[in-house]
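These notes are about the structure you will find just below.
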Amino acid sequence: MCGAKAGGPDLAGIDVASETIIQGSVTRDGEPVSGYVRLLDGGGEFTAEVPTSATGQFRFFAAPGTWTLRALVPGATVDRTVVAQKGTAAEVAIAV
Amino acid sequence: MSRSDVLVGADWVEAHIDDPKVVIVEVDEDTSAYDKNHIKNAVRIDWKKDLQDPVRRDFVDQAGFEALLSAKGIANDDTVVLYGGNNNWFAAYAYWYFKLYGHEDVKLLDGGRKKWELDSRDLVATASPERTATEYKAKAQDTSIRAFRDDAVAAIGSLNLVDVRSPDEFSGKLLAPAHLPQEQSQRPGHIPSARNIPWSKSANDDGTFKSDDELKELYEGEGVDLAKDTIAYCRIGERSAHTWFVLHELLGQPNVKNYDGSWTEYGSLVGVPIELGAN
């Protein structure tokens, strides 16, 4: 492993214009972390969850609005707020 | 039936990991997760390739299930322990599926792969274990736990309909869970009279199930009359299998069916009633 890539996964092949994308990476001291990222809606309700990739990255297809990302990794839980808009990918870097 | 008959913890699995009569089975939404690593001695069942008919939209038939389990080396008297990623969605779906075809002794690993990983327990990247083929005999489908589209329509306004999708899928804002491209059914919304009780409310952050008391309070608090029969549904029947497990196996509710056609079928039917908006 040669460290985390900046930002979320490559958007090649994704129809960004028609989707509302939230993506990013989870790192500890600059290195990618294996774990999970949960997407909670404006009311704090669970909406989705994905495991991080080998490079610590994650992606959600959501709807416009304010969301909370919750990273779960061994020994830590970290929340980040994000505003998503249709047609752009909101990038969130989470350090745990 | 008690919780310990249907749900086991990681310590129990570690203690039985080399027991030849205990078959650990991984069933993941991401069917490649097993290749990366898995619990020692676990075999893989692929929910798409192994459990769905390759042509029709339906399950493999009784003979197909017999052939699958025989090839995996699973015998009728084996204890099957299922686990998977994404909070055991597809492991719960497989649990329900094993019960549909009458397997006696099935258990879920509480918390599934996520809890196992967050606890930093051992995973191996070796090939599937060699298990001797069996001559598995399945029973005919037990349709007392499976609902079809006509059952769902007939349940409107009479039985409990529990929609376990996220609030945004229920209200019609999204058509699919937010980690998947937005596709599938022709129309968004939910079945009229359904209560929206997302599967996630029945689980903790680490994927383990909440206590029986918390679960009972959850469903009754959301207006589910536990004296009535219940049909649970979601998008393709995997999250509602998780809720079926909660209601039927953990809480011991007698008449609970999983509608596996779920919203991808209902939301594409011509002429059926649909409601939009939150509960």
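Residue numbers (full-length UniProt numbering), protein chains in the order written: chain A, 1 to 96; chain B, 1 to 279.
From the three backbone atoms N, C-alpha and C, an ideal C-beta is built for every residue, glycine too.
Note that the structure is a prediction, hence the values are computed from the model and not measured.
Using the C-alpha atoms, what's the distance from residue j back to residue i?
i                           : j                         : result
aspartate 260 of chain B    : arginine 235 of chain B   : 8 Å
valine 272 of chain B       : glycine 9 of chain B      : 43 Å
lysine 201 of chain B       : valine 23 of chain B      : 29 Å
alanine 232 of chain B      : aspartate 29 of chain A   : 44 Å
glutamate 45 of chain A     : tyrosine 136 of chain B   : 42 Å
aspartate 79 of chain A     : aspartate 19 of chain B   : 41 Å
alanine 203 of chain B      : asparagine 279 of chain B : 21 Å
aspartate 5 of chain B      : tryptophan 12 of chain B  : 12 Å
serine 70 of chain B        : arginine 3 of chain B     : 28 Å
glycine 189 of chain B      : asparagine 76 of chain B  : 41 Å
asparagine 255 of chain B   : isoleucine 145 of chain B : 7 Å
proline 54 of chain B       : threonine 134 of chain B  : 23 Å
glutamine 184 of chain B    : alanine 176 of chain B    : 7 Å
glycine 56 of chain A       : glutamate 117 of chain B  : 15 Å
glycine 102 of chain B      : tryptophan 96 of chain B  : 10 Å
phenylalanine 98 of chain B : valine 37 of chain A      : 30 Å
tryptophan 47 of chain B    : tyrosine 93 of chain B    : 9 Å
isoleucine 94 of chain A    : alanine 12 of chain A     : 22 Å
arginine 187 of chain B     : glycine 207 of chain B    : 30 Å
tryptophan 199 of chain B   : valine 164 of chain B     : 5 Å
proline 64 of chain A       : glutamate 130 of chain B  : 49 Å
residue 280 of chain B      : glutamate 214 of chain B  : No answer is possible for residue 280 of chain B: it lies beyond the span of chain B, which begins at 1 and ends at 279.
Since residue i and residue j are thought to touch, with beta carbons under 8 Å apart, how far apart are those beta carbons, to the nearest angstrom?
i                        : j                        : result
glutamate 49 of chain A  : asparagine 88 of chain B : Rounded, the Cβ-Cβ distance is 12 Å, inconsistent with contact.
glycine 112 of chain B   : glycine 73 of chain B    : With a Cβ gap of about 22 Å, glycine 112 of chain B and glycine 73 of chain B do not count as contacting.
valine 26 of chain A     : alanine 71 of chain A    : 5 Å
residue 280 of chain B   : lysine 21 of chain B     : For residue 280 of chain B there is no data in the structure shown, the boundaries of chain B being 1 and 279.
aspartate 205 of chain B : leucine 250 of chain B   : The pair is not a contact, with the Cβ atoms about 18 Å apart (cut-off 8 Å).
glutamine 62 of chain B  : alanine 138 of chain B   : 5 Å
Once you ignore the five residues that flank residue i on each side, which residues in its own chain have a CB closer than 6 Å to its CB?
i                         : result
methionine 1 of chain A   : At methionine 1 of chain A, the pLDDT of 37 sits below 50, so the modelled position is not reliable; the number obtained from the coordinates is stated separately. For methionine 1 of chain A, where only same-chain residues beyond five positions count, there are no Cβ hits under 6 Å.
tryptophan 244 of chain B : Trp96, Ala232, Val256 and Asn258
glutamine 141 of chain B  : Leu100
histidine 248 of chain B  : Val256
arginine 44 of chain B    : Glu26 and Tyr34
For residue i, tell me which candidate among the options has the shortest Cα-Cα distance.
i                        : options                                   : result
valine 153 of chain B    : B:Tyr95, B:Ser262 and B:Ala241            : B:Ser262
aspartate 35 of chain B  : B:Ser158, B:Leu123, B:Lys228 and B:Ser185 : B:Leu123
leucine 51 of chain B    : B:Asn37, B:His38 and B:Leu68              : B:Leu68
glutamate 14 of chain B  : B:Leu109, B:Asp105 and B:Lys48            : B:Leu109
serine 128 of chain B    : B:Glu275, B:Ser240, B:Asn37 and B:Asp28   : B:Asn37
glycine 252 of chain B   : B:Lys216, B:Asp105, B:Ser171 and B:Ile274 : B:Lys216
glutamine 85 of chain A  : A:Ala93, A:Ser53, A:Gln23 and A:Val73     : A:Gln23
leucine 174 of chain B   : A:Ser34, A:Ala62, A:Ser18 and A:Gly8      : A:Ala62
glycine 172 of chain B   : B:Gly267, B:Lys114 and B:Gln141           : B:Gly267
tryptophan 67 of chain A : A:Gly42, A:Ser18 and A:Pro9               : A:Gly42
serine 192 of chain B    : B:Asp119, B:Val270, B:Ile274 and B:Lys115 : Checking the displayed sequence, the identity of residue 192 of chain B turns out to be proline instead of serine. With distances taken between Cα atoms, proline 192 of chain B lies closest to B:Ile274.
threonine 88 of chain A  : A:Arg59, A:Ala54, A:Ser53 and A:Thr47     : A:Arg59
valine 106 of chain B    : B:Phe148, B:Val25, B:Phe59 and B:Thr31    : B:Val25
Evaluate residue i with the Cβ neighbour count: other Cβ atoms within 10 Å of its Cβ, from every protein chain shown; 16 or more gives buried, anything less gives exposed.
i                        : result
threonine 20 of chain A  : buried
glutamate 169 of chain B : buried
proline 32 of chain A    : buried
alanine 76 of chain A    : exposed
lysine 49 of chain B     : exposed
glycine 237 of chain B   : buried
arginine 121 of chain B  : exposed
threonine 264 of chain B : buried
serine 166 of chain B    : buried
valine 81 of chain B     : buried
leucine 39 of chain A    : buried
glycine 3 of chain A     : For glycine 3 of chain A, the pLDDT reaches just 45, beneath the cut-off of 50, and the residue's location in the model is therefore unreliable, leaving the point undetermined.
serine 240 of chain B    : buried
leucine 276 of chain B   : exposed
glycine 35 of chain A    : buried
residue 98 of chain A    : Here chain A has residues from 1 to 96 only, and residue 98 of chain A is not among them.
aspartate 150 of chain B : exposed
threonine 81 of chain A  : exposed
Can you give me the Cβ contacts of residue i inside the same chain, cut-off strictly under 7 Å, excluding the 5 residues immediately before and after it?
i                        : result
glutamate 222 of chain B : Arg195 and Ile197
leucine 226 of chain B   : Tyr219, Glu220 and Gln253
Looking only at its chain, what residues have a beta carbon closer than 8 Å to the beta carbon of residue i, apart from the 5 residues adjacent to it on each side?
i                     : result
valine 224 of chain B : Asn160, Val162, Arg195, Ile197 and Thr230
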